[in-house]
Amino acid sequence: MKNFEINQFRKQFPLLSKRVNQQPLVYFDNGATTQKPQSVIDAQSDFYCSSNANVHRATHQLASVATTKFEQARVQVQKFINATQTKEIIWTKGCTEGINLVAQSWGKSHLNPKDVIVLSYAEHHANIVPWQIIAEQTGAEIKVLPLSSQGIISKEVLTHIISERTKIVCVNHVSNVIGKVNPIESVITRAKEVGAKTLIDGAQAIANIIVDVQALDCDFYVFSAHKMYGPTGIGVLYGKEEILNAMPPYQSGGEMINKVSFSGTSFQSLPYKFEAGTPNIAGVIAFAKAIEFISQYQLNDRHEYKQELLEYAFKRLQTIPSIEFIVEGKPDIPLFSFTLKYHYQDVASYLDLSGVAARVGGHCAMPLFEYIGIKGCIRLSLAPYNTYDEIDFVVDKLTALVSKTDEIIQRNNVNENDNNDAQILIERFNQLKGWDTKHRELMLLGKQLPRMSKSARNEQSLIQGCESAAWLTYSIEQGRYCFQTDSDAKIIRGLLAVILAAFNNKTSSEILSFDIDHYFTQLGLLNHLSPTRGNGVLAIVKKITEVVT
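Quick note: the sequence shown uses my numbering, first residue 1, plus one each step.
Next up, the structure:
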């Protein structure tokens, strides 16, 4: 879109003016969910204020208005992806439910022992686990498409992997980790040659490229509203009419029923056969506004500013010392996955202190990381409301991190022989003001924590449930427990040091009676632990209490 004005565009997103840790928010986690423009927020609010009623079921005026808006949204989706007709548009909670619907409805009625389901190594867990479950239920087998050095599905092996035994091929249009468009036209063509169905996960593609399901000629296509400036909890399953008609209902209840009696029940025709219960009406109506927003700014049609932003970010990121992108080449959408010499959890924690929202870890794609031989990575995913200044800010911060020149990571003079028992730690942390100083103290404690030998860091000592790999061993001397712990992430090692200060050299009764929640509250850390990090602390404490009981 010509004459795109970034400052005016940004003003439509109220959350972008928020400050995080006393810093302006830099939101680089758009691959997880995009922010919402005021028009989408207003559409959802306006429904509840002006036309809240259930759809399809009543004859009063409010219900008529709600039903009209609800079905108009279905028409908008149909046109947006160029489906043949509206009955091919099924409302779901999101991609995950759409894939589960196909797996349980089509899969359970069509798959048999020795049939093959084909996936790729770059799939999100949501496009792996449902097929593992249905394979176990039906006796079908799963085969996996390898990736090229560029991180896309390798076309050279399509003929070998997608064979006469293949019944369905389920792959992503764009990986949520790699950010490159897969050759799905070739995948679909090969699937048709052997009579197999195709399901395309379009979660990352739908807001970035034009999707024409007729041109693709896929059998199913799924996507979620919240990754395209719309609300959470609403998504779409597109399916060809003849295939959907032949599929049994996935769920049953109100709305999808034609006639019910104790002698038998008949079901509605498409699309209602697959839409049991009261739908997310407000979400659907707000979703329609998000589609209007995308269309207004042509955000999915090689948007010029977004392409320039992608080019600039890729060029600037390459200047960071020690950066390693997880695959070769520039991505097709502004989504960048890489590693640095620091553990990705430490990088995320460091960025968060500067107001930067980034994603790190396994990105719900563990098989992909196992395939490429790393445990996780840092992901920066941008949208057209991001700026060159934000890119520069993040690149400068990461450069300072790996060069150890940032004030946040400067090492203070700390007496490493301090007796870091619980009370002394409480007193020390109470003298620190602000999360940034407490975070720095945790990082220093993590740096001081003695490393375990590699041989001791094994499956037996691994702490289950911790967000990053963490290990624990122990010995008992005169009834007192001496623990050794370790993690690859300094921030986790810092938390481990805090926990050890409470539990080391204590008897089992002292350990079991210790109030860990009150301890973390006294330290001023409880409110700053993310849910996953908080769960990791609980997992560590659980492991210790299991040891002593």
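Think of the CB as a built atom: it goes at the ideal place given N, C-alpha and C, for glycine as much as any other residue.
Endpoints, the alpha helix (DSSP H) within which T86 is located: Mapped onto the sequence shown, residue 86 falls at position 86. Looking at the DSSP string, T86 is not in any alpha helix (DSSP H), and its letter there is neither H nor E.
Please go through the same chain and pick out, in chain order, the residues whose beta-carbon is closer than 7 angstroms to the beta-carbon of Q150, but skip the five residues on each side of it. If you number the sequence shown from 1, residue 150 lands on position 150. K180, V327, E328, G329, listed in sequence order.
Are the CB atoms of M228 and A207 within a distance shorter than 8 angstroms? Taking the sequence shown and counting its residues from 1, one reaches residue 207 at position 207. Taking the sequence shown and counting its residues from 1, one reaches residue 228 at position 228. The answer is yes: Cβ separation under 8 angstroms.
How big is the Cα-Cα spacing for A66 and H226? By one-based count along the sequence shown, residue 66 stands at place 66. By one-based count along the sequence shown, residue 226 stands at place 226. A66 and H226: Cα-Cα distance of roughly 21 angstroms.
Thinking C-beta only, is G373 closer than 8 angstroms to Y344? Within the sequence shown, residue 344 is the residue found at index 344, counting from 1. Within the sequence shown, residue 373 is the residue found at index 373, counting from 1. Contact: no.
Below 7 angstroms CB to CB, which residues in the same chain sit around F250 once its five sequence neighbours on both sides are set aside? Position 250 of the sequence shown, counted from the start, is the residue given in the question as residue 250. Per the sequence presented here, residue 250 reads as Tyr, with Phe not at that position. Hits under 7 angstroms: L101, Q104, S105, F274.
With DSSP as the reference, label L368 as helix, strand or coil. Taking the first residue of the sequence shown as 1, we reach residue 368 at position 368. Helix.
Could I get the ranges of all uninterrupted alpha helix (DSSP H) runs contained in the segment 20 to 91, with 4 residues as the minimum, in chain order? Complete alpha helix (DSSP H) runs here, min 4: 38 to 50, 61 to 81.
Sort S186, S175, V211 by Cα distance to A83 and report the nearest one. The count along the sequence shown starts at 1 and reaches residue 83 at position 83. It is V211.
Of the choices H160, R165, S154, V177, whose alpha-carbon is the least far from that of E185? Here residue 185 refers to the residue found at position 185 of the sequence shown. Per the Cα distances, S154.
Do S453 and A469 have their C-beta atoms within less than 8 angstroms of each other? The sequence position of residue 453 within the sequence shown is 453, counting from 1. The sequence position of residue 469 within the sequence shown is 469, counting from 1. Taking 8 angstroms as the Cβ cut-off, S453 and A469 do not qualify as a contacting pair.
Coil, strand or helix - V144 by DSSP: Indexing the sequence shown from 1 puts residue 144 at position 144. Residue state, collapsed to three classes: strand.
Within the same chain, show all residues whose beta-carbon is closer than 6 angstroms to that of V77, passing over the 5 residues directly before and after it, in chain order. Here residue 77 refers to the residue found at position 77 when the sequence shown is read from its first residue. Listed in chain order, the non-local C-beta contacts of V77 below 6 angstroms within the same chain comprise I89, V236, local neighbours out to five positions each way being set aside.
Mind checking who C466 pairs with in its DSSP beta bridge? Translated into positions along the sequence shown, residue 466 becomes position 466. Paired residues: none, contrary to the question.
Start and end of the alpha helix (DSSP H) containing Y519? Here residue 519 refers to the residue found at position 519 when the sequence shown is read from its first residue. Run containing Y519: 516 to 523, per the alpha helix (DSSP H) assignment.
For W565: DSSP bridge partner residues: No statement about residue 565 is possible, as the shown extent of the chain runs from 1 to 549 and does not include it.
Near L495, what residues of its chain come up, given a Cβ to Cβ distance below 7 angstroms and the 5 sequence neighbours on each side ignored? By 1-based counting over the sequence shown, the position of residue 495 is 495. These residues qualify, in order along the chain: L442, V537.
Considering only residues of the same chain and omitting the five flanking positions on each side of A135, which have a CB-CB separation below 8 angstroms? Locating residue 135 in the sequence shown gives position 135, where the first residue counts as 1. L111, I117, E141, I142, listed in sequence order.
Once DSSP output is grouped into helix, strand and coil, what is the label at V356? For the purposes of this step, residue 356 is identified with residue 356 of the sequence shown, where counting begins at 1. Residue state, collapsed to three classes: strand.
Going by Cα to Cα distance, which pick from L512, D346, Y385, S252 is closest to K306? Reading the sequence shown from its first residue, position 306 is the one you call residue 306. Closest option to K306, Cα to Cα, is Y385.
Exposed or buried, what is Q8 when buried is set at 16 or more other beta-carbons lying within 10 Å of its beta-carbon? Counted from its first residue, the sequence shown places residue 8 at position 8. Taking a 10 Å sphere around the C-beta of Q8, we find fewer than 16 other C-beta atoms and assign the residue as exposed.
I491 CB to nearest heavy atom of the ligand SAM below 7 angstroms: In the structure on display, the ligand SAM does not appear, and there are no ligands present to speak of.
Is the beta carbon of W435 sitting closer than 8 angstroms to the one on A456? Here residue 435 refers to the residue found at position 435 of the sequence shown. Here residue 456 refers to the residue found at position 456 of the sequence shown. No, they are not a contact pair.
Taking just the CA atoms, how far does D352 sit from V360? Here the question's residue 360 lines up with position 360 in the sequence shown. Here the question's residue 352 lines up with position 352 in the sequence shown. When rounded, the separation of the alpha-carbon atoms in V360 and D352 is 11 angstroms.
So within the segment 108 to 184, which uninterrupted alpha helix (DSSP H) runs reach at least 4 residues, ignoring any that extend past its ends? Counting only unbroken stretches of 4 or more residues, the alpha helix (DSSP H) elements lying wholly within the segment 108 to 184 are 129 to 138, 158 to 161, in sequence order.
Take the Cβ of H363 as the centre, count every other Cβ of all protein chains shown within 10 Å, and call the residue buried at 16 or more, exposed below. Looking up residue 363 in the sequence shown gives position 363. The residue in question, H363, is buried, as its Cβ has 16 or more Cβ neighbours within 10 Å.
Let's see if you can read the secondary structure: which residues bound the alpha helix (DSSP H) around D396? The residue given as residue 396 occupies position 396 in the sequence shown. Note, D396: alpha helix (DSSP H), 388 to 403.
Could you please give me the residues that DSSP links to Y344 through a beta bridge? Counted from its first residue, the sequence shown places residue 344 at position 344. Answer is none; Y344 lacks a bridge partner.
Length at least 3, wholly inside the segment 191 to 253: the beta strand (DSSP E) runs in chain order: As for any beta strand (DSSP E) of minimum length 3 sitting wholly inside the segment 191 to 253, the runs are 197 to 201, 220 to 224, 235 to 239, ordered along the chain.
So what's K11 in DSSP terms, helix, strand or just coil? Reading the sequence shown from its first residue, position 11 is the one you call residue 11. The answer is coil: DSSP assigns K11 none of H, G, I, E or B.
Residues sharing a beta bridge with R379, DSSP: As a first step, residue 379 is located in the sequence shown; it is residue number 379 there, counting from the start. DSSP lists S337, R359 as partners of R379.
Excluding five sequence neighbours on each side, which residues of the same chain lie with their C-beta closer than 8 angstroms to the C-beta of I499? Taking the first residue of the sequence shown as position 1, residue 499 is located at position 499. These residues qualify, in order along the chain: T485, I516, V537, I540, V541, I544.
Could you give the C-beta distance for I291 and F429, rounded to a whole number, given that I count them as a contact under 8 angstroms? Mapped onto the sequence shown, residue 291 falls at position 291. Mapped onto the sequence shown, residue 429 falls at position 429. Rounded to whole angstroms, the Cβ separation of I291 and F429 is 49 angstroms, and the two are not in contact under 8 angstroms.
With a threshold of 8 angstroms between beta carbons, is L526 in contact with chain B? No chain B appears in the structure shown, which is made up of a single protein chain.
Cβ-Cβ separation, V26 to V394 (assumed contact under 8 angstroms), whole Å: Taking the first residue of the sequence shown as 1, we reach residue 394 at position 394. Taking the first residue of the sequence shown as 1, we reach residue 26 at position 26. The beta-carbon distance between V394 and V26, rounded to whole angstroms, is 6 angstroms. This is short enough to meet the 8 angstroms contact definition.
I'd like the list of long-range same chain contacts for D346, defined as Cβ closer than 7 angstroms, with 5 residues on each side in sequence excluded. Along the sequence shown, one-based indexing puts residue 346 at 346. Only A489, K490, I491 meet the Cβ criterion.
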